[in-house]
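**Q** A single structure is presented below for examination.
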Amino acid sequence: SSIKVEYKANAQTNVELSWIQAFLKEVHVSFSPSTLLCDNKSVVVIAHNLVFSQSY
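When we follow this note's numbering, the leftmost residue of the sequence shown carries the number 62, and every step to the right adds one.
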């Protein structure tokens with residue numbers, strides 16, 4: 062479903078963002094906290110519910 066696709070895209074973006082932040086810390090580059098935005102209420106509900114998140 063499109064919800065599953067959007068959830069996976071957001072999850073992958075979060076993984077990549079975490080990697081970039083870890084790299085920047087390692088090379089001592091300062092950065093502001095990042096915010097990942099999502100306008101799909103169903104995806105937000107799934108992301109905040111660990112039971113649902115683990116099944117995706």
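Virtual Cβ for every residue (Gly too), placed ideally from N, Cα, C.
Kindly indicate which three-state DSSP category residue 74 falls into: helix, strand or coil?
**A** On the sequence shown, position 13 is the one that residue 74 refers to. Reduced to three states, the DSSP call for residue 74 is helix.
**Q** Do you know offhand how far residue 120's Cα is from residue 74's?
**A** No statement about residue 120 is possible, as the shown extent of the chain runs from 62 to 117 and does not include it.
**Q** Let me know the secondary structure DSSP gives residue 109 once reduced to three states.
**A** Sequence index remark: in the sequence shown, residue 109 carries index 48 (1-based). Residue 109: helix per DSSP, three-state reduction.
**Q** DSSP three-state call for residue 91: helix, strand or coil?
**A** Mapped onto the sequence shown, residue 91 falls at position 30. In this structure, residue 91 counts as coil in the three-state DSSP scheme.
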